[in-house]
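*Asks:* Residue numbers (my numbering), protein chains in the order written: chain A, 354 to 559; chain B, 354 to 559.
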DNA sequence: ACATTGAGCGTACACGTGTTAGCTAAAATA
DNA sequence: TATTTTAGCTAACACGTGTACGCTCAATGT
């Protein structure tokens, strides 16, 4: 059980995933991804594909996992920056935009499949986004003493804005992306102010 | 020049567009839309397709136009409801959600291609969304006396939130969609409050 | 040492695709 | 009325696709 066999299998599995990611970057999206081309780029015979995935859909779900994982790791990294001082909002948005810039095809896949045609895909992506939102909610409740309900409203709004801006950032060049980032930061701050105002409103009534 | 010929051509052109829309609703997205299947559903020979469109892409752009137009008309209708009393926010969001529910495949196409792979498509969709945002900005400036800058920030945030919620509404059943609608209305109001707070902030400083 | 497993390969098949070329017949034009 | 235009057709093409089948041969298990 030295695993030299399993190692090799995992290796070509990665080759397949990376091949698929490369092809995504090019021109066509996941929907027009071909088993044969992926296999060709991975350097294996078309039929060998089935040793690793049952479908192209299964490959796709792996890609979504991959993307979600990468994004979460990045955001965890961003939270470390917050710990040692600096604006939470600025740091998070900046990190997010950097992810979009560096992992464009992966992020595009997430966006595409978020409103794509396969329900399985949509659920998978939504799971990733929900995970992200939940962490933000926890932060708002723990650090800013928001009620769970208001925190959820706020976090959801923020995530929607940031992801949507991220989508626009895909096409943007560097200066434009910077402008977009500042724009987004201002919007998130606006939402925060709105949430605060809403909270005060509730208190006054009571 | 009675136009009986042009009439017929326009008619089968519409048949093609509607066929394409039907196929979108089914299961596969625009990317996996086939000329032959579309032609078959429209009841013409595959080769006759070229009498109406040069590419599938050209058909796709027509679909985007179609969707954008439908959405804008609906929102114009919604603004009439506002004129004869009632909350602007509630009325707009409700109308929007109704559109998503009734024209699901069309709205899905818009979302898909917004973050799709063809730049031409993305630009076309973005144009529609921008149009929508611009009208909201005008409203905020004219009716609520916001500065152009703040109005743009606010309108953009609102549009992002609403479109994103619309995407989620696609999968939702009726009660869930209603919940989502209320949720979105609350978020938009929160943003409005935030914008107002931001405006007050600016006045105080000056 | 021997038997079993399994990743990867080559061949082959049936099928759907986009697109070209040339025809027909009805509408438009002169 | 005679001529031109053109929407739609059929036939045919070359090609890429997903997948079934059976083989090899090195890594594993006994």
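Just so you know, even glycine gets a beta-carbon here, dropped at the ideal spot from N, CA and C. Computed from a prediction, not measured in an experiment: that's the story for all the values here.
1. Residue 483 of chain B CB to nearest chain A CB: under 8 angstroms?
2. Between residue 453 of chain A and residue 485 of chain A, is the Cβ-Cβ spacing less than 8 angstroms?
3. Closer than 9 angstroms by beta-carbon distance: list the chain A residues that pair up with residue 548 of chain B, in chain order.
4. Against chain B, does residue 509 of chain A count as a neighbour if the rule is that its beta carbon must be under 8 angstroms from one of theirs?
5. Relative to chain B, which residues along the region 468 to 480 of chain A have a C-beta separation below 9 angstroms, given in chain order?
6. Which residues, in order along the region 356 to 390 of chain B, keep a beta-carbon less than 7 angstroms from a beta-carbon of chain A?
7. In the region 377 to 438 of chain B, which residue ranges form an unbroken alpha helix (DSSP H) of at least 4 residues, counting only runs that do not cross its ends?
8. Taking the C-alpha atoms as reference points, what is the distance between residue 489 of chain A and residue 472 of chain A?
9. Are the C-beta atoms of residue 452 of chain A and some chain B residue less than 8 angstroms apart?
10. In whole angstroms, what is the alpha-carbon distance linking residue 477 of chain B and residue 439 of chain A?
11. What first and last residue would you give for the alpha helix (DSSP H) that runs through residue 492 of chain A?
12. Within 10 Å of its beta-carbon, does residue 431 of chain A have 16 or more other beta-carbons around it, so buried, or fewer, so exposed?
13. Using a C-beta to C-beta distance shorter than 7 angstroms, which residues of chain B count as neighbours of residue 551 of chain A?
14. Quick check: the Cα distance between residue 536 of chain B and residue 494 of chain A, rounded to an integer number of angstroms?
15. Find the residues of chain A that neighbour residue 520 of chain B, judging by a C-beta separation of less than 8 angstroms, and give them in chain order.
16. Should residue 437 of chain B go down as buried or exposed, given a rule of 16 or more other Cβ atoms within 10 Å for buried?
17. Hey, would you say the C-beta of residue 433 of chain A is under 7 angstroms away from at least one heavy atom of the ligand GDP?
18. Nearest by alpha-carbon distance to residue 499 of chain B: which of B/526, B/555, B/406 and B/401 is it?
19. Going by other Cβ atoms of all chains shown within 10 Å of its Cβ, with 16 needed for buried, is residue 420 of chain A buried or exposed?
20. Just to confirm my understanding: we take residue 542 of chain A, look at its own chain, exclude 5 residues before and 5 after, and list those with CB closer than 8 angstroms. What are they?
21. For residue 388 of chain B and residue 520 of chain A, I'd like the C-alpha separation in whole angstroms.
22. Rounded to a whole number of angstroms, what is the C-alpha to C-alpha distance between residue 504 of chain A and residue 435 of chain A?
23. Please confirm if the region 358 to 371 of chain B is in contact with the region 394 to 407 of chain B, defined as three or more CB-CB distances below 8 angstroms between the two stretches.
24. Exposed or buried, which one is residue 461 of chain A when buried takes at least 16 other CB atoms within 10 Å?
25. Given that residue 514 of chain A touches chain B, what residues does it touch there, using C-beta distances under 7 angstroms?
26. What residues of chain A sit near residue 422 of chain B, judged by a beta carbon separation below 7 angstroms?
27. Could you give the distance in angstroms between the alpha-carbon of residue 523 of chain A and the alpha-carbon of residue 433 of chain B?
28. Please identify the residue among B/393, B/508 and B/360 whose C-alpha is closest to the C-alpha of residue 371 of chain B.
*Replies:* Reading from the atomic positions:
1. no
2. no
3. Taking a Cβ-Cβ cut-off of 9 angstroms, the neighbours of residue 548 of chain B in chain A comprise 543, 546 and 547, given in sequence order.
4. yes
5. 468, 469, 470, 471, 472, 475, 476 and 479
6. 380, 381, 382, 384 and 385
7. Annotation: the region 377 to 438 of chain B contains the following complete segments of the alpha helix (DSSP H) (minimum length 4 residues), in chain order: 388 to 395 and 409 to 436.
8. 26 angstroms
9. No, residue 452 of chain A does not count as interfacial toward chain B.
10. Rounded to whole angstroms, residue 477 of chain B and residue 439 of chain A show a C-alpha spacing of 39 angstroms.
11. 472 to 497
12. buried
13. 543 and 546
14. Rounded to whole angstroms, residue 536 of chain B to residue 494 of chain A spans 19 angstroms at the Cα level.
15. Under the 8 angstroms cutoff, chain A gives 467 and 468.
16. exposed
17. In terms of ligand content, the structure shown is empty, and the ligand GDP therefore cannot be addressed.
18. If we check each option's Cα against that of residue 499 of chain B, B/555 comes out closest.
19. buried
20. 442
21. 29 angstroms
22. 19 angstroms
23. yes
24. Label assigned to residue 461 of chain A: buried.
25. 510, 513 and 514
26. Per Cβ cutoff of 7 angstroms: no residues; residue 422 of chain B is ~20 angstroms from chain A at best.
27. 36 angstroms
28. B/393
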